[in-house]
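Numbering (the numbering used here), first residue to last: 134 to 363.
Structure, as structure tokens:
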Ligand SMILES: [Fe+2]
Ligand SMILES: [Fe+2]
């Protein structure tokens, strides 16, 4: 079911507005740019995307009309996400898997430096480097399973037992969401303290990007790629 309901305004131009009953997951898939709106309001679109827009607004204490207005303002341009599984898989690997693996070591290096140099400060993000190392290790294993087992199966058109590896990947994505929540906690929502040095600010910006990229990555897998096979 589509996320939009049709409404008529004067003169008589047709516009489309998001239904309050549409699920966050469907809106994220069908309304380009919606994920950025959800991220801004801390609405989970890759893990618990089954909530309706009105439920999500209630949970966050937001007027649903405000959310609807923001979503309705988004452009109709859907970007260039490929639709066929083969191209989508290639996109996921080059845009997300490879990028995470290229950026995580640098974030880890910066975190070790910040924790060493500023260890005596009250707002030093103690434990951030270890947490980034954990994210990196687990993500490496997760992505390897996708690239070595699940994606090749998909490239061959799928198989009845593909539900099992997909279920496993979905469960691992839930773990990643928890790791990202902890990353946000350690970095006070990616906000460096006043007067933080350039390294500290750069580190938090890298963590913010990692959070955005990983949530988009899991959203594309959970809500666009995997449903093509189950
Ligand atoms: Fe992936
Ligand atoms: Fe994944």
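Glycine included, each C-beta is placed from N, C-alpha and C at the ideal position.
Because the structure is a prediction, the values reported are computed rather than measured.
Given a cut-off of 7 Å on the beta-carbon distance, is the pair residue i and residue j in contact?
i, j, result
"residue 291", "residue 362", "yes"
"residue 323", "residue 341", "yes"
"residue 150", "residue 205", "yes"
"residue 332", "residue 237", "no"
"residue 162", "residue 203", "no"
"residue 164", "residue 182", "no"
"residue 295", "residue 359", "no"
"residue 277", "residue 351", "no"
"residue 155", "residue 186", "yes"
"residue 313", "residue 344", "yes"
"residue 249", "residue 265", "no"
"residue 373", "residue 258", "This structure cannot speak to residue 373, because the chain is shown only from 134 to 363."
"residue 247", "residue 336", "yes"
"residue 200", "residue 184", "no"
"residue 310", "residue 180", "yes"
"residue 287", "residue 218", "yes"
"residue 196", "residue 256", "no"
"residue 222", "residue 284", "yes"
So is the beta-carbon of residue i under 6 Å away from any non-hydrogen atom of ligand 1?
i, result
"residue 279", "yes"
Please confirm whether any heavy atom of ligand 2 lies closer than 6 Å to the CB of residue i.
i, result
"residue 302", "yes"
"residue 354", "yes"
Using DSSP bridges, identify the partner residues of residue i.
i, result
"residue 220", "BP columns for residue 220 are empty, so no partner."
"residue 156", "185"
I want to see whether chain C comes within less than 7 Å of residue i, judged by CB atoms only; does it?
i, result
"residue 347", "Annotation note: the requested chain C is absent from the structure, which comprises a single protein chain."
Any heavy atom of ligand 3 within a distance shorter than 6 Å of the CB on residue i?
i, result
"residue 271", "Looking at this structure, you won't find ligand 3 anywhere; what it does contain is ligand 1 and ligand 2."
- Task: List in chain order: all unbroken alpha helix (DSSP H) runs of 4+ residues lying wholly within the region 285-335.
- Result: 296-319
- Jot down the residue ranges of each uninterrupted alpha helix (DSSP H) in the region 226-295, minimum 4 residues, whole runs only, in chain order. 231-250, 261-278 and 284-288
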